[in-house]
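Notes follow once the structure below has been shown.
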Amino acid sequence: MLTRRAFVKETGLALVSFGLAPRFLVRAAQAAPGGARPPVLVAIFQRGAADGLNIVIPHGDPAYARLRPSIGIPAPARGADDRSLDLDGFYGFHPSLAPLLPIFRRGELACVHAIGSPDATRSHFDAQDYMEAGTPGVKATADGWLNRCLQQGAARDEASAFRGVALAPILPRALQGPATALAVPSLDAFDLRDAAGTGSDLQPGFESLYRQAVHDFLGGTAQTTFDAVKRLRAARPTARLPEHGAVYPRGRFGDALRQTAQLIKADLGLEIAFLEIGGWDHHVAEGGARGQLAGRLQEFAQGLAALWQDLGDRRGDVVVLTMTEFGRTVRENGNAGTDHGHATVMFALGGRVRGGKVYGRWPGLAREQLFEGRDLALTTDFRDLFAEVAVRHLGLSWKAPLFPGYALRPEAFPGVLPPAAQSSSERFSTAIRRSLR
Amino acid sequence: MLATRRPLLLLVVLLAWGCAGRAPSPRPAAIPSPGSLPPAPRPAAPAVALPATSLSETQQALHVLNRLGYGPRPGDVDAVRQVGVAAWIDAQLHPERLDDGLAETRLAGLRVPTMTPRALMEAYPPPNLERRQGMEVRLEQSPQRMIGELQQARLLRAVESRRQLLEVMVDFWFNHVNVFAGKGSVRYYVPAYEREAIRPYALGRFRDLLGAVARHPAMLFYLDAWLSTAPDVRLGERRAGLNENYARELLELHTLGVDGGYTQADIIEVARAFTGWTIDHPRPGHPRSGGGYLFDARAHDRDAKTILGVRFPAGGGREEGERVLDIVARHPATARFIATKLARRFVADAPPPAVIERAAAVFQETDGDLRAVVGSIVRSPEFFGEAAYRAKVKTPLEFTASALRAVGADTDAGLAVQRTLLLMGQPLYGAQPPTGYADRAEAWASPGGLLARLNFAQALVASRLAGTAVAVGPLAGEGGAGAVADRLLERLLGGEVSDETRTVLREALAQPAVLRATLDDPVAAPDVAKIAALVLGCPEFQRR
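Those protein sequences? They're chains A and S, same order as listed.
Residues in the first sequence are numbered from 315 upward in steps of one, following the numbering used here.
Residues in the second sequence are numbered from 66 upward in steps of one, following the numbering used here.
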């Protein structure tokens, strides 16, 4: 006769292998000592086309200083301020990235340079659309690539409304699609409140009004909303203070990062978080070691460093991936700024990331090496990096193409993550098995 | 106040409709109650005929009030039915014939919308300039306060103006040629931008609008054109060389559309044609601060150019920019692009091709007469089709304004209302990218946005929004909870709800946890407010 325990074990494993682990098993796995938790991807979109050449500076390329007489960052020099921070003798961090330098040195932060979209558009709108859809040059793609990750991923907690969360007022293109995803402008404000500002007793009434609205896609939105409100009330993630001395920068970006950490630690089933930080479109007075870009980078770097500190022993579960729609012209323009360009730099930060290295082949800045004679040429397709993170971190099996029209080729991966001897999701399944023994 | 103001307003509205096109004739100032309206006045000229439609008269009235405006106020549906849908559309297409004294009275206390950029720079100096000059910064002088007053004016007009279509068009065009008040000096130019470059042309000629926008310091600053010079000219640290920003967005967002058939080379040539278009001078504290458009010949690229296949000989000047605007304003791609966006605003997120084709043809035949283009859309069979009815999810602005109108709120449109728009992701004048805000359901039907709507609905009808007073009692009338609910559905949504919504609402009223208290005391204000909150929060009210 089949014992209950054996039944649970068998069916549980079967469900795990189909990606349908019931929640009590998930909890058991998470509660188990040393038990692995589901992998989390934190995607950060730098909207406005960040100037990769002044973020990770190719100070070893002789053309760099020549083409950027007023906004160029001087090459590293010991003891001198306002210079790039050397990484490997060729590249250097912008001085505002100082908070990330120790993380890079510890080997948890990797950069990929000369990366971007093979589509040549220099329209912010189109390029963001292509990158979020994951289909350069194709606007008709119905859903975003992060939503497809949710669709294809083994849902660790199918019922959770928090599998995909954008810490933003509007659900970004990347998370739009059939899989449930939430836009949360602020966790604190994410509650149904009555006129006096306390929990509303109208919630059951609103719920039934929208439950019957099945023909209306607002109905689906509403069910997600009410479920999320209930879960948040129970888990109270915002009661968690930053840990390990983390100090987030003031402002929307810092707030979004702090709340990302809260969501991760509250075990609400978060798999993909999406954050955005704007203000990178420096056509005018971009500045060098100081100035506009330096200010944005300071907030960016302090925020990432704070998140990393705050996450503590959760770092092994998390990869932070930064992206921007394209880079900027190599040569500075007449307004001491830069115009829309082509390739740029992206970061991968994670406990299992093979960091401390700038990946990607450097195409060079000599005139004949530039794209259309003006922009950094592309040597890594952004989908190679995104696919690597999806496969080696999220553990996607690529059942359907994550990027329509793109053939998966692991040999094209930049290599920022170890080939999954045991991916996070496998470790997770192992932990479930262990908990059932 | 409520009891007397609404019927009076109704009368004024009816008078103006009756008088469209001729001098207002004096009428006895009798105050009819909505139940005893005078016979419908005959319009001066027969209204343009409307296509056959399967929508009921009430549905048609609701539809035009929701699409050509920010939704019905108490009594509006009946009023439109009285005057006739066709005549009402005609009147809205000629806002200059509609007296708007009442809305203007509400705006009278606001100074920012009428002030010049220079006066604004002096009244609301940037905090850093103040500090440099050793002056104390006072909160009521902060630039945020200035934008707050401007948001207030826009919201008040959306709620109070009788020229509803004009307000919708001002919102549409501002969004189409968006500038972001958070970028440098743009904030000081935004009031003048809306007042001088958008509002006068919102139902005018597209080329006039485009020109007024192109020459306006708000746009020149926002998209950096004021700094752009011929590649080899240096007029200062920042004014030294070409800047493509405005040229690109002119083609991609203002006129041809991203698939309009231009190249990167066209962008550069357009940017060269506009060199010399600058501002004298945009910096607060400058002797000529708050100045306007200036053509600076020293900055202009005098070499020959080829733009979209048209040759510009060497030696040109200021007129080259105007010539570029002539070319792109009359380009077939522009007619199509503008027709598509307008059809998306008025008909559906994915408008039927036929209505786009027709509107684009009208655009070309009339040389971009926007009144004619909009007219062709809002009188089309597609507009009055079943598929278009309530097909659009309201944007945060549309939801907020329509809720305030529906309950006849007396609002100052102040901070509390503005904050709601921020929470829903649509702060006015706060769209950073040149694309403006989205006009599609996906962008606005989010859980966070929905929560903000439900929370706003609850606060609004309980009169808990600072600066906004609502008297739900008179709307709800007397009787049991069921009767009150029916009456509120009738008055807030024209009775146009699904049977399911009606049933569920009645069931909700019976739930002890929700509204038991109302059954004993049906006129108790807080409980009526709860029913009203459920109505404003129901799926039907989220659509227009």
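Virtual Cβ for every residue (Gly too), placed ideally from N, Cα, C.
Query, Result
"Verify the CB distance criterion: does R341(A) have a CB-CB separation below 8 Å to chain S?", "With a pLDDT of 45 at R341(A), under the threshold of 50, the modelled position of that residue is not reliable, and the figure given next carries that caveat. Output row for R341(A): interface = no."
"Tell whether a beta-carbon distance below 8 Å holds between P604(S) and A527(A).", "yes"
"Just to confirm my understanding: we take T37(S), look at its own chain, exclude 5 residues before and 5 after, and list those with CB closer than 8 Å. What are they?", "The structure shown does not extend to residue 37(S), since chain S is modelled only from 66 through 609, so no value can be given for it."
"How would you label T399(S), buried or exposed, when you count the other beta carbons within 10 angstroms and need 16 or more for buried?", "buried"
"Give me the DSSP bridge partner(s) of F521(S).", "DSSP lists no partner for F521(S)."
"So with CB distances below 9 Å, who are the chain A contacts of K370(S)?", "None at all; the shortest Cβ gap to chain A is about 18 Å."
"I want to see whether chain S comes within less than 8 Å of S437(A), judged by CB atoms only; does it?", "yes"
"Run through the segment 640-728 of chain A for me and flag every whole alpha helix (DSSP H) of 4 or more residues, listed as ranges in chain order.", "696-702"
"How many angstroms separate the CA atom of I313(A) from the CA atom of L414(A)?", "Shown here, chain A extends from 315 to 751; a query on residue 313(A) therefore has no answer."
"Which chain S residues are close to D653(A), counting only those with a beta carbon under 8 Å from its beta carbon?", "N308, E309 and N310"
"Enumerate in chain order the residues of its own chain whose CB-to-CB distance from S514(A) is below 6 Å, with the five nearest sequence positions on each side excluded.", "L506, R507 and D508"
"Please state the DSSP three-state secondary structure of V472(S).", "coil"
"To the nearest angstrom, report how far apart G626(S) and R552(S) are at their CA atoms.", "Only positions 66 to 609 of chain S appear in this structure, which leaves residue 626(S) out of reach."
"If I'm right that V667(A) touches L731(A) with Cβ under 8 Å, what's the distance once you round it to whole angstroms?", "6 Å"
"Can you tell me which of the three DSSP states H427(A) falls into?", "strand"
"Residues of chain S with CB under 8 Å from N649(A), in chain order?", "D289, L292, S293, R303, R304, A305, G306 and N308"
"Anything in the segment 516-531 of chain A with a Cβ closer than 8 Å to a Cβ of chain S? List those residues in chain order, please.", "L516, P518, G519, F520, S522, L523, Y524, R525, Q526, A527, D530 and F531"
"Please work out which residues of its chain come closer than 6 Å, Cβ to Cβ, to A587(A), disregarding the five sequence neighbours upstream and downstream, and give them in chain order.", "V356, V479 and T574"
"Q490(A) versus chain S: which residues are under 7 Å apart at the beta carbon?", "E507"
"Could you name the residues of chain A that K595(S) contacts, counting a contact when the two beta carbons are closer than 7 Å?", "L516"
"Taking 8 Å as the CB-CB limit, is Q523(S) close to chain A?", "yes"
"Going by C-alpha distance, which of Y378(A), R361(A) and I358(A) is nearest P677(A)?", "Y378(A)"
"Hey, is F567(A)'s beta-carbon within less than 8 Å of any beta-carbon in chain S?", "no"
"Using beta carbons (cut-off 8 Å, strictly below), is D508(A) in contact with chain S?", "yes"
"Flag this pair as yes or no: are the beta carbons of A295(S) and T340(S) separated by less than 8 Å?", "yes"
"So within the segment 549-636 of chain A, which uninterrupted alpha helix (DSSP H) runs reach at least 4 residues, ignoring any that extend past its ends?", "566-579 and 606-625"
"Report back the beta-carbon spacing between R470(S) and V224(S) to the nearest angstrom; my notes put them in contact at under 8 Å.", "6 Å"
"Under a CB-based cut-off of 8 Å, is I385(A) close to chain S?", "no"
"Grab the span of the alpha helix (DSSP H) containing T566(S) for me, first residue to last.", "D564 to A575"
"Apart from the five residues just before and just after Y454(S), which ones in its own chain have a Cβ nearer than 7 Å to its Cβ?", "L120, Q124 and H128"
"Using a Cβ-Cβ cut-off of 7 Å (strictly less than) and excluding sequence neighbours within five positions of T317(A), which residues of its own chain qualify?", "At T317(A) the pLDDT is 41, less than 50, meaning the model places this residue with poor confidence; the figure from the coordinates comes in the next sentence. Here the set comprises nothing."
"From the beta carbon of H597(A), is the nearest beta carbon of chain S less than 8 Å away?", "yes"
"Can you name the start and end residues of the beta strand (DSSP E) that V375(S) belongs to?", "V375 to F377"
"With DSSP run on the structure shown, which of helix, strand or coil describes A802(A)?", "Because chain A in this structure spans residues 315 to 751, residue 802(A) falls outside the shown range and cannot be described."
"Let me see if you follow: with CB-CB separation under 8 Å, is G542(S) close to chain A or not?", "no"
"On the criterion of 16 or more Cβ atoms from any shown chain inside 10 Å, does T179(S) qualify as buried, or is it exposed?", "exposed"
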